[in-house]
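Numbering-wise, the sequence shown is residues 936 to 1145 according to our numbering.
Built from N, CA and C at the ideal position, the CB exists for glycine as well.
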Amino acid sequence: MNSQYPSHLLDEAVGQFAKLPGIGRKTALRLVLHLLRQEKSDVDAFANAISAVRNDIKYCHICHNISDTDTCDICADEKRNRAQVCVVENVRDVMAIESTRQYNGLYHVLGGVISPMDGIGPDDLNIDSLEDKVASGKASEVILALSTTMEGDTTNFYIYKRIARYGVPITTIARGVAVGDELEYADEVTLGRSLVNRIPFDQTLRVNAY
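Okay, structure coming up:
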């Protein structure tokens, strides 16, 4: 057996855990050995939960957030402001904004940001469906809440150029979130204030012009 471990099954399990981001082989081995000490029923439940995440989770047909059904709980909530659409990069950003309790509208998850270096262009993102929402008159405000990185700003500007002609107010989060910050890592208070104090997006264009 060409392995540093006494079991091929152990080696395989460690290899799979080590594929997770931020997990090296030493940490992977510790996790696998921990599972070996657990009750079989607990390990089976763990394995079933991981399998269900990959096989059974759906994407909301309205906002592209992850969901157990075709429509996520946020979009199904009649108490939400259905005319307000907050555009975010990914589902982690939805969770970050929801944790602030400062926003009561709907979301639109792009699934990434424009990044030519990574081979990601506008056609790879959920931008067409966002434009369809605006064009249909279903949105009274579009809030651009992407990370304040070069890629986020590029995506903000592209979306602005796509939907500005429909006459819907387009705002962006205030720069309480530091330039270069990923949205999901902003603390709840800062992110909440940035949402409350959002500004018209075209004002940021004038600022950046100087």
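Buried/exposed call for residue i, threshold 16 Cβ in 10 Å
i: Asn1000; result: buried
i: Leu1079; result: buried
i: Gly1054; result: exposed
i: Phe981; result: exposed
i: Asn990; result: exposed
i: His969; result: exposed
i: Ala1031; result: buried
i: Asp1028; result: buried
i: Ile985; result: exposed
Assumed close pair residue i, residue j - CB separation to whole angstroms, cut-off 8 Å
i: Leu1045; j: Val1022; result: 7 Å
i: Val949; j: Ala963; result: 5 Å
i: Gly1056; j: Glu1024; result: Not a contact, Cβ separation roughly 15 Å.
Proximity test, residue i beta-carbon vs the ligand NAD heavy atom, cut-off 7 Å
i: Asn1000; result: No copy of the ligand NAD appears in this structure; indeed no ligand is present at all.
Residues near residue i by beta carbon distance below 8 Å, same chain, minus five either side
i: Ala1018; result: Gly1040, Lys1073, Ala1074, Ser1075 and Glu1076
i: Val1026; result: Asn1000, Ile1001 and Val1044
i: Thr1106; result: Glu1076, Val1077, Ile1078, Leu1079, Arg1133, Ile1134, Pro1135 and Phe1136
i: Val967; result: Leu945, Ala948, Val949 and Phe952
i: Lys1014; result: Asn1039
Rounded C-alpha distance that separates residue i from residue j
i: Ile992; j: Thr1004; result: 8 Å
i: Asp1058; j: Gln1037; result: 31 Å
i: Asp1088; j: Glu947; result: 42 Å
i: Thr1090; j: Gln939; result: 47 Å
i: Ser1082; j: Leu955; result: 24 Å
i: Asn1016; j: Phe1092; result: 25 Å
i: Phe1136; j: Ile1009; result: 25 Å
i: Ile1108; j: Ile1094; result: 15 Å
i: Thr1139; j: Arg960; result: 46 Å
i: Leu1060; j: Val1020; result: 16 Å
i: Ala1011; j: Pro941; result: 51 Å
i: Arg965; j: Ile958; result: 10 Å
i: Met1052; j: Glu1033; result: 31 Å
6 Å Cβ shell around residue i - same chain, five flanking residues per side excluded
i: Ser1071; result: none
i: Pro1104; result: Glu1076
Proximal residues to residue i (C-beta, below 7 Å), its chain only, five neighbours per side dropped
i: Ser1050; result: Glu1086
i: Thr1006; result: Cys995, His996 and Ile997
Worksheet entry | Contact between the segment 1055-1070 and the segment 1087-1103 (3+ Cβ pairs under 8 Å) | yes
Worksheet item: Should the segment 964-981 be regarded as contacting the segment 994-1008, the criterion being three or more beta carbon pairs within less than 8 Å?
Response: no
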